[in-house]
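Undergrad: Got a structure for you, questions after.
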Amino acid sequence: MTTPHNTVQNRSEIVFLIDAQDCNPNGNPLGENRPRIDPVTEQAAITDVRLKRYLRDQLIDDGHGVFVRKTEEGVSGSRAALALDVLGDITSEEELNDIDDISGAFLDKATDVRYFGATLSFNKDPENDLHKKIKDRFNSGNYTGPVQFSPARSLNAVQINEETNSLTSVISTKQDKDVGGFDLDDHRIKYGLFPFHGLVNENGATDTGLTQVDVERLDTLCWRSIKNQTISRSKVGQEPRLYLRVEYNQSGYHIGDLQNGFTLDREAAGKDDQPLDDDAIRNVTDVCLDVTSCVDRLTAAADRIEAVHTIGSEYLDISYDGDRVGTAADLSTLLEERSVSVHHIEVFDEFERTLPPASD
Numbered sequence: 009m010t011t012p013h014n015t016v017q018n019r020s021e022i023v024f025l026i027d028a029q030d031c032n033p034n035g036n037p038l039g040e041n042r043p044r045i046d047p048v049t050e051q052a053a054i055t056d057v058r059l060k061r062y063l064r065d066q067l068i069d070d071g072h073g074v075f076v077r078k079t080e081e082g083v084s085g086s087r088a089a090l091a092l093d094v095l096g097d098i099t100s101e102e103e104l105n106d107i108d109d110i111s112g113a114f115l116d117k118a119t120d121v122r123y124f125g126a127t128l129s130f131n132k133d134p135e136n137d138l139h140k141k142i143k144d145r146f147n148s149g150n151y152t153g154p155v156q157f158s159p160a161r162s163l164n165a166v167q168i169n170e171e172t173n174s175l176t177s178v179i180s181t182k183q184d185k186d187v188g189g190f191d192l193d194d195h196r197i198k199y200g201l202f203p204f205h206g207l208v209n210e211n212g213a214t215d216t217g218l219t220q221v222d223v224e225r226l227d228t229l230c231w232r233s234i235k236n237q238t239i240s241r242s243k244v245g246q247e248p249r250l251y252l253r254v255e256y257n258q259s260g261y262h263i264g265d266l267q268n269g270f271t272l273d274r275e276a277a278g279k280d281d282q283p284l285d286d287d288a289i290r291n292v293t294d295v296c297l298d299v300t301s302c303v304d305r306l307t308a309a310a311d312r313i314e315a316v317h318t319i320g321s322e323y324l325d326i327s328y329d330g331d332r333v334g335t336a337a338d339l340s341t342l343l344e345e346r347s348v349s350v351h352h353i354e355v356f357d358e359f360e361r362t363l364p365p366a367s368d
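In terms of the working numbering, the sequence shown opens at residue 9 and continues consecutively.
What follows is the structure, encoded as structure tokens:
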């Protein structure tokens with residue numbers, strides 16, 4: 009059972025860059041599901057809620073218990089029913105009584121709650137006796153998540169893809185051959201590069217029992233969630249490009265604001281001695297990421313860093329101090345040359361050790 013004695017001890021700061029090409033990375037349901045775009049800067053945005061949904065969906069696919077689920081996944085929407093589903097094969101009040109620490113048992117299995125927290129306040133009395141029992145057993149209605157992400161704003165001003173803005177789908181039935189069409193309102197951006205900023209707060213870990221293994225799971229979970237969960241028609245076209253988790257060795261310390269240490273190097277990405285114009289960006293090969301500020305800040309704090317856990321895409325070019333120095337996959341080398349301790353993540357070799365134990 010998870011206890012405060014085996015919770016994570018070190019603070020971590022995360023920067024996770026993904027890009028989106030010819031897709032709608034995060035539609036606004038209050039705005040006809042159009043991409044979220046700042047009308048002044050023309051930067052697109054992806055909310056932290058959208059990222060957490062990808063992470064939860066990947067946890068489900070990996071066999072972990074998840075409390076906050078989508079309604080279409082077949083679990084009753086009441087919090088009592090969701091809590092019972094996480095706990096497993098509980099069918100009677102007697103089985104619930106056999107669990108001495110209901111909160112501890114729940115947190116052991118609700119992986120997403122250990123990360124992001126949850127509200128277990130029951131707004132009304134359940135009608136089901138078993139649901140009433142589990143409501144009575146929980147002595148805490150809220151868990152504060154020690155892992156939080158900020159929304160990501162694109163590093164570039166995005167363009168709406170007018171070519172797909174009003175696609176029409178034609179459908180015919182088996183009974184007759186009449187066809188009809190309807191407007192899909194297919195709103196997509198041409199290209200955007202998005203840096204998420206995250207924080208793992210060791211002080212909050214005791215509330216949910218977040219462990220070191222949970223934190224290490226993030227190193228592969230983030231990457232794999234974008235690879236595996238962005239497969240719907242409007243979401244396909246997203247890729248992970250760079251992941252950094254800076255694990256600190258000093259309690260209560262983190263550099264902060266690391267996502268702002270990355271900008272687009274428009275000079276390096278330009279052609280014919282002309283800086284790159286955002287209007288011309290169509291895919292990852294059109295951009296170059298300036299990592300100067302982030303590398304310098306990490307170098308200056310090297311003695312307070314346990315390790316920088318990182319993986320980068322070979323498709324995303326990077327520059328340092330005005331010179332192209334390779335791709336995002338080479339960032340680890342750039343840091344090592346400056347005496348920063350680095351762990352290069354091998355996503356598909358490492359993720360299996362953070363999977364849940366196989367059931368008997």
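Ideal Cβ placement from N, Cα and C applies to all residues, glycine included.
The structure displayed is predicted, hence computed values, not measured ones.
Please report the residue range of the alpha helix (DSSP H) in which Gln17 lies.
TA: Looking up residue 17 in the sequence shown gives position 9. Taken as a continuous stretch (DSSP letters only), Gln17 belongs to no alpha helix (DSSP H), as it is neither H nor E.
Undergrad: Roughly how many angstroms separate the alpha carbons of Tyr323 and Leu272, rounded to a whole number?
TA: Taking the first residue of the sequence shown as position 1, residue 323 is located at position 315. Taking the first residue of the sequence shown as position 1, residue 272 is located at position 264. Computed Cα separation, rounded: 15 Å.
Undergrad: With 16 as the cutoff for other CB atoms within 10 Å, does Ile179 come out buried or exposed?
TA: Here residue 179 corresponds to residue number 171 of the sequence shown, with the count starting at 1. Bear in mind that the predicted position of Ile179 carries a pLDDT of just 46, short of 50, making it too unreliable to give a figure here.
Undergrad: Taking the continuous alpha helix (DSSP H) assigned at Ser347, which residues delimit it?
TA: Taking the first residue of the sequence shown as 1, we reach residue 347 at position 339. It is not in any alpha helix (DSSP H) - Ser347 carries neither H nor E in the DSSP assignment.
Undergrad: By Cβ distance below 6 Å, which residues in the same chain neighbour Thr11 in space, the five residues on each side in sequence not counted?
TA: In the sequence shown, the residue the question calls residue 11 occupies position 3. At Thr11 the pLDDT is 47, less than 50, meaning the model places this residue with poor confidence and gives no usable figure here.
Undergrad: Quick one: which unbroken alpha helix (DSSP H) runs of 4-plus residues sit fully inside the segment 292-347? Chain order, please.
TA: As far as the segment 292-347 is concerned, its whole alpha helix (DSSP H) runs of at least 4 residues are 300-308, 339-344.
Undergrad: What does DSSP give as the partner residue(s) for Cys31 in the beta ladder?
TA: The residue given as residue 31 occupies position 23 in the sequence shown. Looking at the DSSP assignment, Cys31 forms a beta bridge with Ile197.
Undergrad: Between which residues of its own chain and Gly125 is the CB-CB distance below 7 Å, once the five residues before and five after are set aside?
TA: As a first step, residue 125 is located in the sequence shown; it is residue number 117 there, counting from the start. Excluding sequence neighbours, Gly125 sits near Tyr151, Thr152, Gly153, Thr216.
Undergrad: For Val23, which three-state DSSP category applies?
TA: Within the sequence shown, the letter at position 15 stands for residue 23. Val23 falls in the strand class under three-state DSSP.
Undergrad: What does the alpha-carbon distance come out to for the pair Asp298 and Asp304?
TA: In the sequence shown, counting from the first residue as 1, residue 298 sits at position 290. In the sequence shown, counting from the first residue as 1, residue 304 sits at position 296. About 12 Å.
Undergrad: Report yes if the C-beta distance between Thr15 and Ala315 is below 8 Å; otherwise report no.
TA: One-based indexing of the sequence shown puts residue 15 at position 7. One-based indexing of the sequence shown puts residue 315 at position 307. No, the pair does not count as a contact, with Cβ atoms beyond the cut-off.
Undergrad: State the Cα-Cα distance for the pair Ala308 and Pro33, rounded to the nearest angstrom.
TA: To locate residue 308, count along the sequence shown from 1; it is residue 300. To locate residue 33, count along the sequence shown from 1; it is residue 25. Rounded to whole angstroms, Ala308 to Pro33 spans 35 Å at the Cα level.
Undergrad: From Leu342, Arg225, Leu284, Phe114, pick the residue whose C-alpha is nearest to that of Phe75; which is it?
TA: Position 67 of the sequence shown holds residue 75. Answer by Cα proximity: Phe114.
Undergrad: Measure from the alpha carbon of Asp325 to the alpha carbon of each residue in Val121, Gly269, Gly334, Arg145, then state which is nearest.
TA: By one-based count along the sequence shown, residue 325 stands at place 317. Nearest of Val121, Gly269, Gly334, Arg145 to Asp325, Cα basis: Gly334.
Undergrad: Check whether the Cβ atoms of Ala89 and Lys143 lie closer than 8 Å to each other.
TA: Looking up residue 89 in the sequence shown gives position 81. Looking up residue 143 in the sequence shown gives position 135. No.
Undergrad: Classify Ala366: buried if its beta carbon has 16 or more other beta carbons within 10 angstroms, exposed otherwise.
TA: The count along the sequence shown starts at 1 and reaches residue 366 at position 358. Flag for Ala366 reads exposed.
Undergrad: I'd like to know whether the C-beta atoms of Arg19 and Asn268 end up nearer to each other than 8 Å.
TA: Residue mapping note: residue 19 aligns to position 11 of the sequence shown, counting from 1. Residue mapping note: residue 268 aligns to position 260 of the sequence shown, counting from 1. Judged by beta-carbon spacing, Asn268 lies beyond the 8 Å limit of Arg19, meaning their Cβ atoms are not closer than that value.
Undergrad: Do Phe202 and Ser162 have their C-beta atoms closer together than 8 Å?
TA: The residue given as residue 202 occupies position 194 in the sequence shown. The residue given as residue 162 occupies position 154 in the sequence shown. Yes. Within cutoff.
Undergrad: Would a C-beta distance cut-off of 8 Å place Arg58 and Asp120 closer than the cut-off?
TA: Taking the sequence shown and counting its residues from 1, one reaches residue 58 at position 50. Taking the sequence shown and counting its residues from 1, one reaches residue 120 at position 112. The beta carbons of Arg58 and Asp120 sit no closer together than 8 Å.
Undergrad: Check whether the segment 221-235 and the segment 349-366 touch, using three or more Cβ-Cβ pairs below 8 Å as the test.
TA: yes
Undergrad: Which residue comes first and which comes last in the beta strand (DSSP E) that contains Tyr251?
TA: Translated into positions along the sequence shown, residue 251 becomes position 243. Per DSSP, Tyr251 belongs to the beta strand (DSSP E) from 246-256.
Undergrad: What span of residues does the alpha helix (DSSP H) with Ile68 cover, start to end?
TA: As a first step, residue 68 must be located in the sequence shown, where it is residue number 60. Segment 56-69, the alpha helix (DSSP H) holding Ile68.
Undergrad: What three-state label does DSSP hand Gly206 in the structure shown?
TA: By one-based count along the sequence shown, residue 206 stands at place 198. In this structure, DSSP gives Gly206 an extended state, which the three-state scheme calls strand.
Undergrad: Going by DSSP in three states, Ala366 sits in which element: helix, strand or coil?
TA: Locating residue 366 in the sequence shown gives position 358, where the first residue counts as 1. Ala366 falls in the coil class under three-state DSSP.
Undergrad: Could you pull out every residue in the same chain whose Cβ sits closer than 6 Å to the Cβ of Ala160, ignoring the five residues on either side in sequence?
TA: Locating residue 160 in the sequence shown gives position 152, counting from the first residue. Around Ala160: Ile54, Phe202, Pro203, Phe204.
Undergrad: State the CB to CB distance for the pair Glu247 and Ser321, rounded to an integer number of angstroms; the pair is presumed to be in contact (CB under 8 Å).
TA: Indexing the sequence shown from 1 puts residue 247 at position 239. Indexing the sequence shown from 1 puts residue 321 at position 313. About 7 Å separates the two Cβ atoms, so the contact holds.
Undergrad: The ligand ATP heavy atoms versus the CB of Asn164: any closer than 7 Å?
TA: Annotation note on the ligand ATP: not contained in the displayed structure, which lists no ligands.
Undergrad: Taking the continuous alpha helix (DSSP H) assigned at Arg77, which residues delimit it?
TA: Numbered from its first residue, the sequence shown carries residue 77 at position 69. First-last for Arg77: undefined, no H or E at that position.
Undergrad: In chain order, what residues of the same chain have a beta carbon less than 7 Å from the beta carbon of Val348, not counting five sequence neighbours either side?
TA: The residue labelled residue 348 in the question sits at position 340 within the sequence shown. Cβ neighbours of Val348 beyond the five flanking positions: Leu306, Thr307, Ala310, Ile313, Val316.
Undergrad: Leu207 and Tyr123 look like a contact to me (Cβ under 8 Å); what is the Cβ gap, rounded to whole Å?
TA: What you label residue 207 is simply residue 199 of the sequence shown in a count that begins at 1. What you label residue 123 is simply residue 115 of the sequence shown in a count that begins at 1. Not a contact, Cβ separation roughly 12 Å.
Undergrad: Determine the closest residue to Val158 out of Ala91, Ile22, Val166, with distance taken between C-alpha atoms.
TA: By 1-based counting over the sequence shown, the position of residue 158 is 150. A small correction: the amino acid at residue 158 is Ser; Val does not occupy that position in the sequence shown. The shortest C-alpha separation from Ser158 is found at Ile22.
Undergrad: Going by beta-carbon coordinates alone, are Leu229 and Arg253 separated by less than 8 Å?
TA: As a position in the sequence shown, residue 229 is number 221, starting the count at 1. As a position in the sequence shown, residue 253 is number 245, starting the count at 1. Not in contact: Leu229 and Arg253 (Cβ atoms no closer than 8 Å).
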